[in-house]
Amino acid sequence: MFDDDDMRTIGDQLKICHSVTQLNLYSDRIGPSGAKYLADGLKENKFLTHLLMGENQLGDEGARHMADALKINETLGVLYLHGNDIGDIGAEGIANGLKVHKKLYKLVLADNKIGDIGAQYLAEALKVNTSLCVLDLDQNQITDVGAQYLADAIKVNQQYQNKVFSQAKETHEEVVLAMKNFNYGEVIVEMQAIQSSDIVGEVLFQQAKRALNLILNDFMEATRHKAITIGNDIPREKE
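Just so you know, we're using my numbering here: the sequence shown kicks off at 10 and counts up by one.
In structure tokens:
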């Protein structure tokens, strides 16, 4: 298990290592000072693409160190910082890093203490960031207010719009097929599968609900017309 002192060595190695592309530091004992050593290494590293640092003790200070590295690093594509006691201050630092960094496409900030203010910082970053495709904010302290900030950012960021609308179309098609086959269990499974706490998943869930309501309305209308048609075709006894 690595601690802050070990991060001094690892950070120094990152400055000169040209072969390591993935680094797993999950569930160690890394705090703010260790994050600082690692961030210093990342600033000079040009090869690392995946950094997994979930379940450590970075806190807001450590998160800001990692954000500083993002402003300079040009290769990191995946960053896991879940379960690190990161709050709104740390989220602000990460958001500032996202405004500059152009390679990160997956950022996991689940199981932290980010609230609506932190969500607003991240939303502002999403409006200008063109690379991020996955932002995981599961198990934080974000209410409907913070979710709205993120939803508004999606409307501005074409990258997220393309992702949402593409997946919503696929979801609609799958729900339609399940309804046509009277497979209501599959409808429920599909709806549950897309409902998630990250904002993209929530948007998809709302899209699917609207699609399902439209399908149900169409289904009920078609059934009503069919019943009328059948009724009209039934021979009536002459009085």
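All C-beta atoms in this analysis are idealised placements derived from N, C-alpha and C, irrespective of residue type, glycine included.
In this text the structure is predicted, and so the values were computed from the model without any measurement.
Does the beta carbon of residue i fall short of 8 Å from some heavy atom of the ligand NAP?
{"i": "ASN82", "result": "For the structure depicted, the ligand NAP is absent and the ligand set is empty, with no information on it obtainable."}
Work out the CA separation of residue j and residue i for me, nearest whole Å.
{"i": "GLU101", "j": "VAL29", "result": "29 Å"}
{"i": "ILE19", "j": "GLY50", "result": "8 Å"}
{"i": "HIS59", "j": "LYS115", "result": "9 Å"}
{"i": "ARG38", "j": "MET16", "result": "10 Å"}
{"i": "LYS108", "j": "MET10", "result": "33 Å"}
{"i": "THR152", "j": "LEU118", "result": "16 Å"}
Less than 9 Å between the beta carbons of residue i and residue j, yes or no?
{"i": "LYS45", "j": "GLY71", "result": "yes"}
{"i": "TYR130", "j": "ASN105", "result": "yes"}
{"i": "GLY68", "j": "ILE95", "result": "yes"}
{"i": "ALA162", "j": "ASN149", "result": "no"}
{"i": "ASN121", "j": "GLY155", "result": "no"}
{"i": "LEU61", "j": "TYR35", "result": "yes"}
What is the DSSP secondary structure of residue i, counted as helix, strand or coil?
{"i": "LYS111", "result": "coil"}
{"i": "ASN304", "result": "The requested residue 304 is not part of the displayed model; the chain covers only 10 to 248."}
{"i": "TYR35", "result": "coil"}
{"i": "ASP147", "result": "coil"}
{"i": "TYR88", "result": "The residue you asked about is not Tyr; residue 88 is Leu in the sequence shown. In the structure shown, LEU88 sits in a strand (DSSP, three-state: E or B)."}
{"i": "LEU57", "result": "coil"}
Measuring alpha carbon to alpha carbon, tell me which residue in the options is nearest residue i.
{"i": "LYS164", "options": "GLN150, ASN149, GLU133 and ILE151", "result": "GLU133"}
{"i": "ASP97", "options": "ALA119, LYS111, LEU116 and ILE123", "result": "ILE123"}
{"i": "PRO41", "options": "ALA76, LEU32 and GLY155", "result": "ALA76"}
{"i": "LEU85", "options": "LEU141, ASP125, TYR35 and SER36", "result": "LEU141"}
{"i": "ASN138", "options": "LEU79, ALA48 and LEU32", "result": "LEU79"}
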